[in-house]
Structure formats: structure tokens, C-alpha cells
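Quick notes on the structure that follows.
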Amino acid sequence: MFRRRDRSQYLLPVVVADSGSPALSSTSTLTISVCSCQPAGHCPSSGVEALALSMGLSLQTLLGLLVSLITIAARD
59 MFRRRDRSQY LLPVVVADSG SPALSSTSTL TISVCSCQPA GHCPSSGVEA
109 LALSMGLSLQ TLLGLLVSLI TIAARD
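In the working numbering, each number is its position in the sequence shown, counted from 1, plus 58.
Have a look at this one:
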């Protein structure tokens, strides 16, 4: 569980690999920022753009993720 009183940010390493020949892989770090919520449970945010920028996602990363999801969905 992520708790703001413990830390305001958590770093989560993410590794994506395939089983092709040659095998391809990529590693990145997802930064999770824990904000304080309002008493009613509402957590203020700065929008999707701020979220994408704070995660450090590039256009190439987003396109690669989209292609991977489409490929996985097509196999099912």
C-alpha cells in the first residue's frame, strides 16, 4: 500500500520483454506520486497531460505500448 506519510513518491521498475528471436526488452521506471486526498475521498489532479509528463512517457513509448496491446488482443 502506498502511504503519503511514509513517502510522497515511489519508484516502480517496469520491464517489458518478448519471446521472439532475437528477444527484445525494455526497462523503465514508473514514478508514483502519492497526493493527499480531501476528507470526502476526492484527490485533486492536474490533468492527464501532467500525469503523462510526470511518468516520463515519450511518444515512442506510448506507440509501442499501443502496438503491444493491439497485438495481444489480436492473439486472443
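Every residue gets a Cβ at the ideal spot worked out from N, C-alpha and C, and that includes glycine.
Nothing here was measured: the structure is a model prediction, and the numbers come from that model.
In the DSSP assignment, find the unbroken beta strand (DSSP E) run with Leu-82 in it and report its ends. Reading the sequence shown from its first residue, position 24 is the one you call residue 82. Taken as a continuous stretch (DSSP letters only), Leu-82 belongs to no beta strand (DSSP E), as it is neither H nor E.
Please return the same chain residues whose Cβ sits closer than 6 Å to the Cβ of Ala-75, not counting the five positions on each side in sequence. One-based indexing of the sequence shown puts residue 75 at position 17. So the list reads Ser-83, once near-sequence residues are dropped.
Helix, strand or coil at Ser-66 [DSSP, three-state]: Taking the first residue of the sequence shown as position 1, residue 66 is located at position 8. Residue state, collapsed to three classes: coil.
Give me the Cα-Cα distance between Leu-69 and Leu-123, rounded to the nearest whole angstrom. Locating residue 69 in the sequence shown gives position 11, where the first residue counts as 1. Locating residue 123 in the sequence shown gives position 65, where the first residue counts as 1. Distance between the alpha carbons of Leu-69 and Leu-123: 20 Å.
Determine the DSSP secondary structure at Ser-126, reduced to helix, strand or coil. Counting from 1 along the sequence shown, the entry for residue 126 is found at position 68. Ser-126: helix per DSSP, three-state reduction.
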